[in-house]
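One structure is given below, encoded as structure tokens.
Numbering (the working numbering), first residue to last: 479 to 857.
Next up, the structure:
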């Protein structure tokens, strides 16, 4: 009798654990395949399944800065000067794979062809939902930079212009967090041209809100700056922006599936999104190296912390999505341009620059764009 009760208890425990495991899986599966609450006359949702995608990307990022200043010569002549420098990568080309189930997809890519920079690393994570979404991106580029100096204008006494490409490399880092919210999210499927989860049946659009946090830096070592024309040698910026815009899906062709295998061309959608933003929080830290030209070494560095003007900036994207049989193809383009600018000209003595240099002011921009093509097969 005792043995029978013991066996019965074990069977009950095992059954309970199996039921619990099934419940956990059901919860996970419900999360991964949960249907969106939409107007089904406007939006069609394919049944959740596994998917495999092959994608390729081309992208380019960079940083440019102009430093304006005045030079007082011994003969009482006063000329305007301009120090410019920039760092960017060559066109970066990647290929990768994406594996998905339901509403979730993971991808990995490798750079192919000629290297875009001496060194480069990048990481991205994105959530593209019908109501809201967020993207996290980090990139690091190590490359030589272009430096130039112009004093006066052609024809002026004392006019000078020269440009060099440094032999040493500088490091450009950029970290961004982007988020959006769609107001008309029941009738407008923002992800329709970007992924397979939702398909727009009829042309629709919506106003959107967006926010961005960006932290970027350009670091030049003293060796890299020794033979360059930099008036300011290193930059580090933090920006917080908010704005909004409009996104629209133009449905050029749509046919609801009538067979289990989703035969034929079913949907062709073009998405256009424009979301200008205002950078309200715009903070910059600069470093200028002080050199001992006799010893040919840097002796110290001068750090300045500067609040910049609020600036209008630009975030835009476009995509074309095509659904045919069990395939989904998407071509996507994104564009970002974020500015910073000093509020006023400041005293050059703050930067340990020569006495005959004065009234420094600067403006710069972080910019990047990306073109992506992806082909997905739904199992």
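Think of the CB as a built atom: it goes at the ideal place given N, C-alpha and C, for glycine as much as any other residue.
Give the C-beta separation of residue i and residue j to the nearest angstrom, bearing in mind that I take them to be a contact with Cβ-Cβ under 8 Å.
| i | j | result |
| --- | --- | --- |
| residue 762 | residue 715 | 5 Å |
| residue 664 | residue 517 | 5 Å |
| residue 570 | residue 618 | Rounded, the Cβ-Cβ distance is 12 Å, inconsistent with contact. |
| residue 856 | residue 529 | 5 Å |
| residue 677 | residue 524 | 7 Å |
| residue 636 | residue 557 | 6 Å |
| residue 706 | residue 642 | 7 Å |
| residue 694 | residue 760 | Residue 694 to residue 760, Cβ: 12 Å. No contact. |
I'd like to check one pair, residue j with residue i: are the Cβ atoms closer than 8 Å?
| i | j | result |
| --- | --- | --- |
| residue 604 | residue 598 | no |
| residue 686 | residue 659 | yes |
| residue 839 | residue 708 | no |
| residue 531 | residue 575 | yes |
| residue 792 | residue 735 | no |
| residue 515 | residue 674 | no |
| residue 713 | residue 543 | yes |
| residue 648 | residue 749 | no |
| residue 803 | residue 742 | yes |
| residue 782 | residue 764 | yes |
Restricting to Cα atoms, I'd like to know which of the options is closest to residue i.
| i | options | result |
| --- | --- | --- |
| residue 845 | 707, 855, 817 and 514 | 817 |
| residue 591 | 568, 665 and 645 | 568 |
| residue 607 | 760, 767, 513 and 702 | 513 |
| residue 797 | 806, 843, 791 and 789 | 806 |
| residue 780 | 793, 549, 789 and 766 | 766 |
| residue 847 | 819, 853 and 794 | 794 |
| residue 640 | 609, 671, 563 and 557 | 563 |
| residue 583 | 541, 533, 651 and 648 | 533 |
| residue 701 | 555, 782, 768 and 809 | 768 |
| residue 810 | 566, 672, 790 and 837 | 672 |
| residue 790 | 642, 758, 854 and 784 | 758 |
| residue 679 | 717, 646 and 522 | 522 |
| residue 710 | 611, 784 and 752 | 784 |
| residue 718 | 731, 756, 585 and 593 | 756 |
| residue 520 | 808, 668 and 553 | 668 |
Which same chain residues, not among the five before or five after residue i, have their C-beta less than 6 Å away from its C-beta?
| i | result |
| --- | --- |
| residue 689 | 657 and 720 |
| residue 602 | 615 |
| residue 484 | At residue 484, the pLDDT of 49 sits below 50, so the modelled position is not reliable and the matter cannot be decided from this model. |
| residue 841 | 544 and 819 |
| residue 812 | 795 and 848 |
| residue 650 | 541, 565, 619 and 696 |
| residue 623 | 563, 565, 644 and 648 |
| residue 610 | 659 |
| residue 638 | 629 |
| residue 703 | 711 and 767 |
| residue 593 | none |
| residue 480 | Unreliable placement is indicated for residue 480, whose pLDDT of 49 sits below 50; the coordinate value is still reported in the next sentence. Within the same chain, residue 480 has no close Cβ partners at all. |
| residue 751 | 725 and 795 |
| residue 731 | 746 |
Give me, in chain order, the residues of the same chain whose beta-carbon lies closer than 8 Å to that of residue i; leave out the 5 immediate sequence neighbours on both sides.
| i | result |
| --- | --- |
| residue 681 | 726, 727, 728 and 729 |
| residue 683 | 662, 666, 724, 725, 726 and 727 |
| residue 555 | 635 and 636 |
| residue 421 | Residue coverage of the chain in this structure runs from 479 to 857, which leaves residue 421 outside it and unanswerable. |
| residue 788 | 756, 757, 758 and 760 |
| residue 497 | Unreliable positioning characterises residue 497 in this predicted model, as indicated by a pLDDT of 46, which lies under 50. The coordinate reading is nonetheless provided below. Answer for residue 497: no residue qualifies. |
| residue 585 | 531, 533, 574, 575, 576 and 577 |
Tell me which residues share the same chain as residue i and place their Cβ nearer than 7 Å to its Cβ, disregarding the 5 neighbours each side in the sequence.
| i | result |
| --- | --- |
| residue 588 | 572, 573 and 574 |
| residue 843 | 542, 815, 816 and 817 |
| residue 596 | 620, 621 and 647 |
| residue 722 | 685, 686, 687, 688 and 753 |
| residue 482 | Confidence at residue 482 is low in this model, with a pLDDT of 47, below 50, so its placement is unreliable and no value can be given for it. |
CB of residue i to nearest heavy atom of the ligand FAD: below 7 Å?
| i | result |
| --- | --- |
| residue 660 | You won't find the ligand FAD in this model; it holds no ligand whatsoever. |
Checklist entry - For the 8 Å Cβ check, are there 3 or more pairs between the region 627-642 and the region 549-569? => result When Cβ pairs closer than 8 Å are counted between the two stretches, the region 627-642 is seen to touch the region 549-569, the count reaching three or more.
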